[in-house]
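K.L.:
Note that the working numbering numbers the sequence shown so that position 255 is 255, with each residue one more than the last.
Glycine residues also receive a C-beta, built at the ideal position from the N, C-alpha and C atoms.
The structure presented is a predicted model; accordingly, all values stated were derived computationally and were not measured.
The following block contains the structure, expressed as structure tokens.
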Amino acid sequence: MAENETRYRVGGMDCASCATKIDTAVRRLAGVADVSVSVMAGTMTVRHDGSSDLKAIEKKVTGLGYSVAPLAGTAAPARTQGSQHRHDHGHDHRDHAGHDHDHPHDHGEKEIEGLHEHDHAPMAGPWWQSRKGRLTILSGAALVAAYTVGHLVPAIASYAFTVAMLIGLVPIARRAIMAAFSGTPFSIEMLMTIAAVGAVIINAGEEAATVVFLFLVGELLEGVAAGKARESIQSLTALLPKNAMLEDNGQTREVPAESLAVGAIIMVRPGDRISADGIIISGESTIDEAPVTGESTPVRKGVDAVVFAGTVNGDAVLRLRVTAASADNTIARVVKLVEEAQESKAPTERFIDRFSRYYTPGVLVVAALVAVVPPLLFAGPWGEWVYKGLAILLIGCPCALVISTPAAIAASLSSGARRGLLMKGGAVLETLGKVTMVAFDKTGTLTEGKPQVTDIISFGPSEAQVLSRAAVLEQGSSHPLALAIRNRAKADGVPVPPAFELEALPGKGVSGKVGGETLDLLSPPAARERGTLSAEQDACIKALNDEGKSVSVLLVNGVAAGLIAMRDEPREDAEAGLAALKSAGVKAMMLTGDNKRTAAAVAGMLGIDWRGEMMPEDKQRVVGELKRQGFVVAKVGDGINDAPALAAADIGIAMGGGTDVALETADAAVLHGRVSDVARMIELSKRTMRNILQNITIALGLKAVFLVTTIIGITGLWPAILADTGATVLVTINALRLLRIKI
Numbered sequence: 001m002a003e004n005e006t007r008y009r010v011g012g013m014d015c016a017s018c019a020t021k022i023d024t025a026v027r028r029l030a031g032v033a034d035v036s037v038s039v040m041a042g043t044m045t046v047r048h049d050g051s052s053d054l055k056a057i058e059k060k061v062t063g064l065g066y067s068v069a070p071l072a073g074t075a076a077p078a079r080t081q082g083s084q085h086r087h088d089h090g091h092d093h094r095d096h097a098g099h100d101h102d103h104p105h106d107h108g109e110k111e112i113e114g115l116h117e118h119d120h121a122p123m124a125g126p127w128w129q130s131r132k133g134r135l136t137i138l139s140g141a142a143l144v145a146a147y148t149v150g151h152l153v154p155a156i157a158s159y160a161f162t163v164a165m166l167i168g169l170v171p172i173a174r175r176a177i178m179a180a181f182s183g184t185p186f187s188i189e190m191l192m193t194i195a196a197v198g199a200v201i202i203n204a205g206e207e208a209a210t211v212v213f214l215f216l217v218g219e220l221l222e223g224v225a226a227g228k229a230r231e232s233i234q235s236l237t238a239l240l241p242k243n244a245m246l247e248d249n250g251q252t253r254e255v256p257a258e259s260l261a262v263g264a265i266i267m268v269r270p271g272d273r274i275s276a277d278g279i280i281i282s283g284e285s286t287i288d289e290a291p292v293t294g295e296s297t298p299v300r301k302g303v304d305a306v307v308f309a310g311t312v313n314g315d316a317v318l319r320l321r322v323t324a325a326s327a328d329n330t331i332a333r334v335v336k337l338v339e340e341a342q343e344s345k346a347p348t349e350r351f352i353d354r355f356s357r358y359y360t361p362g363v364l365v366v367a368a369l370v371a372v373v374p375p376l377l378f379a380g381p382w383g384e385w386v387y388k389g390l391a392i393l394l395i396g397c398p399c400a401l402v403i404s405t406p407a408a409i410a411a412s413l414s415s416g417a418r419r420g421l422l423m424k425g426g427a428v429l430e431t432l433g434k435v436t437m438v439a440f441d442k443t444g445t446l447t448e449g450k451p452q453v454t455d456i457i458s459f460g461p462s463e464a465q466v467l468s469r470a471a472v473l474e475q476g477s478s479h480p481l482a483l484a485i486r487n488r489a490k491a492d493g494v495p496v497p498p499a500f501e502l503e504a505l506p507g508k509g510v511s512g513k514v515g516g517e518t519l520d521l522l523s524p525p526a527a528r529e530r531g532t533l534s535a536e537q538d539a540c541i542k543a544l545n546d547e548g549k550s551v552s553v554l555l556v557n558g559v560a561a562g563l564i565a566m567r568d569e570p571r572e573d574a575e576a577g578l579a580a581l582k583s584a585g586v587k588a589m590m591l592t593g594d595n596k597r598t599a600a601a602v603a604g605m606l607g608i609d610w611r612g613e614m615m616p617e618d619k620q621r622v623v624g625e626l627k628r629q630g631f632v633v634a635k636v637g638d639g640i641n642d643a644p645a646l647a648a649a650d651i652g653i654a655m656g657g658g659t660d661v662a663l664e665t666a667d668a669a670v671l672h673g674r675v676s677d678v679a680r681m682i683e684l685s686k687r688t689m690r691n692i693l694q695n696i697t698i699a700l701g702l703k704a705v706f707l708v709t710t711i712i713g714i715t716g717l718w719p720a721i722l723a724d725t726g727a728t729v730l731v732t733i734n735a736l737r738l739l740r741i742k743i
């Protein structure tokens with residue numbers, strides 16, 4: 001039977017152990033083939049064979065203490081959900097900013113929410129209004145009350161502290177028991193429950209109540225941190241305006257932006273935010289792309305230019321043809337990709353998961369040995385050693401360790417996406433930092449992808465006259481070289497009078513008449529055929545060809561009047577981008593299908609190794625050779641003709657304006673087409689891996705110190721839980737630094 005897929009919004013997850021518990025529980029249900037849980041996206045994707053009882057899946061998740069609702073379009077009880085849900089992701093993006101209150105299934109969630117103590121969504125509203133926040137405040141108030149009562153009536157102090165402890169512990173213990181029944185017996189909640197109950201038994205009720213309160217504080221901070229990372233990427237969706245001005249039968253009317261269909265014509269007034277991805281069909285204006293790309297300088301765009309939803313129109317009215325529905329526009333796709341990326345784990349994260357699976361039972365064994373062995377074998381006092389055992393149990397809580405990697409990766413993926421650097425998952429992010437060779441495509445990657453006029457050489461008339469006459473002949477052509485000449489004429493402001501008797505000369509050029517003159521714009525071989533070029537003019541053409549330039553010869557009344565040379569020029573930031581890679585110790589190479597002369601010229605300007613005249617399979621072969629030489633290879637291309645090489649590389653990076661093919665074939669994408677962004681991506685990866693290493697060091701280092709001091713007898717239960725909560729807070733704050741880095 002075909003595999004079906006259903007996606008859910010899951011509320012209340014705030015660390016990797018939450019995801020592990022849900023994953024373990026749901027995976028054990030009949031008919032479930034695979035489960036993928038993303039803490040940062042707050043989603044769960046279940047692949048099943050269609051026989052699964054989806055209500056049982058929801059019940060299992062709510063039983064663990066989380067809210068759950070199918071994502072819009074994935075109706076829960078039906079058994080016909082199929083792969084079409086892939087397309088439903090986009091429709092829910094408005095809810096992602098944490099405002100699940102508007103969710104169509106929310107009435108169900110509100111009922112469910114009463115059954116569990118986990119907060120519905122850590123970032124919806126202020127922390128103190130969340131369920132977890134209220135529980136923490138209540139536990140803290142109960143602790144203060146117990147201290148007060150204990151001071152006034154010492155005889156009932158221990159009972160007061162036990163009651164204060166139970167207020168916080170009951171929901172924790174309930175979650176621990178549910179997790180144990182669902183296949184996760186060694187959860188963080190279970191360790192906490194054993195330690196707190198044990199503390200009461202050995203008459204350390206005061207410490208037990210404090211321990212529970214501090215644990216809740218740590219959990220609350222994790223929830224706030226998870227919310228911050230989630231908000232960072234979801235704030236992108238806030239860039240999309242709610243309404244658009246639709247042109248309909250010559251009239252414009254305001255409609256909801258999400259209702260715009262592909263092909264619709266919309267009007268964008270100066271100062272308005274653009275409501276959809278589209279192509280300009282009339283008007284020219286500066287577009288402020290800073291909200292989406294972080295690019296501080298507005299970009300001037302005219303007819304046929306591509307614009308993105310969420311950017312701001314500057315100084316003129318534009319008419320656009322919509323190229324993507326709201327669920328598929330650039331921002332929606334970025335958000336969807338980041339969410340899916342957060343569901344795929346990095347090697348380090350998988351290692352930590354496996355490690356904590358053995359680590360937690362290991363801690364229980366060590367704590368039990370510390371509590372039992374000294375009294376049994378060395379006549380140590382039971383009270384003292386049981387107390388130390390409980391302290392070790394608390395020190396061993398793997399909260400900080402478990403959150404160390406996913407928090408850093410989620411923050412990095414969000415930080416990169418906001419700058420147009422998309423990475424499909426932790427594994428990609430991790431590998432990027434190890435890249436030692438970047439192989440670039442030339443056209444459209446290192447270069448702009450469209451020729452520009454580089455030289456105008458006159459043999460008599462002025463340069464402006466040569467350009468004007470050439471532009472006259474190219475008026476009707478859509479050839480890239482013709483566009484280059486017309487664009488230069490427009491930029492220089494030279495007049496372009498109408499031409500008569502225009503005629504294309506296949507394989508040779510074009511001819512026509514203007515103001516009594518017969519004009520021809522020919523390729524050098526065609527001009528030579530006519531015998532119009534002197535040896536000196538021929539030498540000039542050869543010199544331009546050697547620089548990788550295409551040359552057209554202008555004839556006026558059969559006499560050579562001038563030359564126009566064109567070339568696909570490197571991107572503005574190509575040189576700086578390659579220099580940044582070099583300074584990071586990463587080598588670069590250019591692989592192009594262009595002729596060797598052009599390739600050599602562009603490579604010479606950029607100071608980069610190159611290979612020319614390559615077919616797609618040749619590029620793939622070279623990537624394979626580089627890997628065999630020991631390089632970790634990233635291939636940067638446009639994602640279509642470079643697909644074989646992108647797939648062969650360790651990391652395939654798509655370059656350009658977020659085309660579907662580019663986004664879906666590569667491991668990563670540079671949305672804004674900047675060469676320097678490749679170096680930024682590698683730098684972001686290296687920073688992330690350093691951050692993860694710092695987090696693991698903090699988590700394990702603090703535990704090691706307190707383990708020793710507890711056994712020696714210097715520290716007890718309070719410092720133990722402070723160490724655990726403190727480590728969690730430090731790790732979280734350290735990971736969130738990645739959201740603020742300037743790359």
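Alpha carbons only, please: which of Glu547, Ala565, Ala543 is nearest the one belonging to Val553?
P.N.:
In the sequence shown, the residue the question calls residue 553 occupies position 553. With distances taken between Cα atoms, Val553 lies closest to Ala565.
K.L.:
In three-state DSSP terms, what is Gln629?
P.N.:
For the purposes of this step, residue 629 is taken as residue 629 along the sequence shown, with counting starting at 1. Of the three classes helix, strand and coil, the one that applies to Gln629 here is coil, per DSSP.
K.L.:
Determine the direct distance from the alpha carbon of Val303 to that of Ala648, and round the result to whole angstroms.
P.N.:
What you label residue 648 is simply residue 648 of the sequence shown in a count that begins at 1. What you label residue 303 is simply residue 303 of the sequence shown in a count that begins at 1. Approximately 37 Å between the Cα atoms of the pair.
K.L.:
Just how far apart, CA to CA, sit Glu683 and Arg333?
P.N.:
Reading the sequence shown from its first residue, position 683 is the one you call residue 683. Reading the sequence shown from its first residue, position 333 is the one you call residue 333. Straight-line Cα distance between these residues: approximately 24 Å.
K.L.:
On a CA-only basis, which of Asp53, Ala56, Val10, Ser534 is nearest Thr45? Give me that one, please.
P.N.:
Sequence index remark: in the sequence shown, residue 45 carries index 45 (1-based). Closest option to Thr45, Cα to Cα, is Val10.
K.L.:
If we count the other Cβ atoms within 10 Å of its Cβ and call it buried at 16 or more, is Met590 buried or exposed?
P.N.:
Within the sequence shown, residue 590 is the residue found at index 590, counting from 1. When all chains shown are included, Met590 counts as buried.
K.L.:
For Gly90, which residues from the same chain have a beta carbon less than 7 Å from its beta carbon, with the 5 sequence-adjacent residues on both sides left out?
P.N.:
Here the question's residue 90 lines up with position 90 in the sequence shown. Summary for Gly90: the model assigns pLDDT 35, below 50, so the residue's position carries little reliability; its value from the coordinates is reported in the next sentence. Ala327, Asp328, Ala332, Lys336.
K.L.:
Shortest alpha-carbon distance to Ala145 belongs to which of Pro406, Glu206, Arg131?
P.N.:
Numbered from its first residue, the sequence shown carries residue 145 at position 145. That would be Glu206, whose Cα lies nearest to the Cα of Ala145.
K.L.:
State the Cα-Cα distance for the pair Ile577 and Asp677, rounded to the nearest angstrom.
P.N.:
As a working mapping, residue 577 is identified with position 577 in the sequence shown. As a working mapping, residue 677 is identified with position 677 in the sequence shown. The sequence given here has Gly at residue 577, not Ile. C-alpha separation (whole angstroms): 7 Å.
K.L.:
Going by C-alpha to C-alpha distance, which of Arg28, Ser275, Asp315 sits closest to Ala309?
P.N.:
Taking the sequence shown and counting its residues from 1, the one referred to as residue 309 is at position 309. For the residues Arg28, Ser275, Asp315, the minimum Cα distance to Ala309 belongs to Ser275.
K.L.:
By alpha-carbon positions, which one of Ala157, Tyr358, Ile403, Tyr66 ends up nearest to Ile696?
P.N.:
By 1-based counting over the sequence shown, the position of residue 696 is 696. Nearest C-alpha to Ile696: Ile403.
K.L.:
Look at the alpha carbon of Val708 and the alpha carbon of Leu393, and state the distance between them as a whole number of angstroms.
P.N.:
Along the sequence shown, one-based indexing puts residue 708 at 708. Along the sequence shown, one-based indexing puts residue 393 at 393. Whole-angstrom Cα-Cα distance: 13 Å.
K.L.:
With three or more beta-carbon pairs closer than 8 Å as the criterion, would you say the region 593-607 touches the region 468-485?
P.N.:
Not touching, per the Cβ criterion.
K.L.:
Where does Asn595 land, buried or exposed, given buried means 16+ other C-beta within 10 angstroms?
P.N.:
Counting from 1 along the sequence shown, the entry for residue 595 is found at position 595. It counts as exposed.
K.L.:
Roughly how many angstroms lie between the CA atoms of Gln537 and Ser462, to the nearest whole one?
P.N.:
Position 537 of the sequence shown, counting from 1, holds the residue named residue 537. Position 462 of the sequence shown, counting from 1, holds the residue named residue 462. If I take the Cα positions, the gap works out to 16 Å.
K.L.:
If contact is defined by three or more beta carbon pairs under 8 Å, each pair taking one atom from either stretch, is the region 709-723 in contact with the region 613-624?
P.N.:
Judged by Cβ distances under 8 Å, the region 613-624 makes no contact with the region 709-723, as fewer than three pairs qualify.
K.L.:
Using 8 Å for Cβ pairs, my map puts Ala584 next to Ala679. What's the rounded Cβ distance?
P.N.:
Here residue 584 refers to the residue found at position 584 of the sequence shown. Here residue 679 refers to the residue found at position 679 of the sequence shown. Their Cβ separation, rounded to whole angstroms, is 6 Å, which keeps Ala584 and Ala679 in contact under 8 Å.
K.L.:
Could you tell me which whole beta strand (DSSP E) segments of length 3 or greater appear in the region 447-476?
P.N.:
DSSP runs (the beta strand (DSSP E)) wholly in the region 447-476: 452-458.
K.L.:
With H, G and I counted as helix, E and B as strand and the rest as coil, what does DSSP make of Tyr8?
P.N.:
The residue given as residue 8 occupies position 8 in the sequence shown. Residue state, collapsed to three classes: strand.
K.L.:
Between which two residues does the alpha helix (DSSP H) carrying Arg357 extend?
P.N.:
Working through the sequence shown from its first residue, we reach residue 357 at position 357. Looking at the DSSP string, the run of the alpha helix (DSSP H) that includes Arg357 is 347-378.
K.L.:
Put His672 into one of helix, strand or coil per three-state DSSP.
P.N.:
Looking up residue 672 in the sequence shown gives position 672. Three-state DSSP puts His672 in coil, outside helix and strand.
K.L.:
By the 10 Å Cβ neighbour count, where 16 or more other Cβ atoms means buried, how is Lys703 classified, buried or exposed?
P.N.:
As a first step, residue 703 must be located in the sequence shown, where it is residue number 703. Result: buried.
K.L.:
Ala325 lies in the alpha helix (DSSP H); which residues open and close that run?
P.N.:
One-based indexing of the sequence shown puts residue 325 at position 325. Taken as a continuous stretch (DSSP letters only), Ala325 belongs to no alpha helix (DSSP H), as it is neither H nor E.
K.L.:
Have a look at Ala439 and Val675 and give me their C-alpha separation to the nearest angstrom.
P.N.:
Walking along the sequence shown from the start, residue 439 turns up at place 439. Walking along the sequence shown from the start, residue 675 turns up at place 675. Cα to Cα, Ala439 sits roughly 12 Å from Val675.
K.L.:
Name, in chain order, the residues that DSSP records as bridge partners for Ala535.
P.N.:
Here the question's residue 535 lines up with position 535 in the sequence shown. Per DSSP, none; premise fails for Ala535.
K.L.:
Go ahead and pull the three-state DSSP assignment for Leu29.
P.N.:
As a position in the sequence shown, residue 29 is number 29, starting the count at 1. DSSP places Leu29 in coil when its eight states are reduced to three.
K.L.:
Going by DSSP, what residue range makes up the alpha helix (DSSP H) through Thr162?
P.N.:
Stepping through the sequence shown from its first residue, residue 162 is reached at position 162. From DSSP, the alpha helix (DSSP H) with Thr162 extends over 157-181.
K.L.:
Contact check, Glu517 vs Val556 under 8 Å by CB: the rounded distance?
P.N.:
For the purposes of this step, residue 517 is identified with residue 517 of the sequence shown, where counting begins at 1. For the purposes of this step, residue 556 is identified with residue 556 of the sequence shown, where counting begins at 1. Confirmed, about 6 Å.
K.L.:
For Gly425 and Gly263, what's the separation of their Cα atoms in angstroms?
P.N.:
In the sequence shown, residue 425 corresponds to position 425, counting from 1. In the sequence shown, residue 263 corresponds to position 263, counting from 1. Their Cα atoms are separated by approximately 33 Å.
K.L.:
Alpha carbon to alpha carbon, how far is Ala735 from Ile352?
P.N.:
The residue you call residue 735 lines up with position 735 of the sequence shown. The residue you call residue 352 lines up with position 352 of the sequence shown. For Ala735 and Ile352, the distance between alpha carbons rounds to 16 Å.
K.L.:
Taking all protein chains shown into account, do 16 or more other C-beta atoms lie within 10 angstroms of the C-beta of Val365, making it buried, or fewer, making it exposed?
P.N.:
Sequence index remark: in the sequence shown, residue 365 carries index 365 (1-based). Exposed, since its Cβ has fewer than 16 Cβ neighbours within 10 Å.
K.L.:
Taking the C-alpha atoms as reference points, what is the distance between Gly658 and Arg687?
P.N.:
Within the sequence shown, the letter at position 658 stands for residue 658. Within the sequence shown, the letter at position 687 stands for residue 687. A caution first: Gly658 carries a pLDDT of 44, below 50, which makes its placement in the model too unreliable to give a value.
K.L.:
Can you give me the C-alpha to C-alpha distance between Thr237 and Asn313, rounded to a whole angstrom?
P.N.:
Looking up residue 237 in the sequence shown gives position 237. Looking up residue 313 in the sequence shown gives position 313. Rounded to the nearest angstrom, the two C-alpha atoms are 18 Å apart.
K.L.:
How many angstroms separate the CA atom of Gly240 from the CA atom of Tyr66?
P.N.:
What you label residue 240 is simply residue 240 of the sequence shown in a count that begins at 1. What you label residue 66 is simply residue 66 of the sequence shown in a count that begins at 1. Note on residue identity: the sequence assigns Leu, not Gly, to residue 240. Straight-line Cα distance between these residues: approximately 30 Å.
K.L.:
Is the Cβ-Cβ distance between Ala56 and Leu29 less than 8 Å?
P.N.:
Taking the first residue of the sequence shown as position 1, residue 56 is located at position 56. Taking the first residue of the sequence shown as position 1, residue 29 is located at position 29. Closer than 8 Å, so yes.
K.L.:
Cα separation between Arg174 and Asp667?
P.N.:
As a working note, residue 174 is residue 174 in the sequence shown. As a working note, residue 667 is residue 667 in the sequence shown. In a straight line, the C-alpha of Arg174 is about 41 Å away from that of Asp667.
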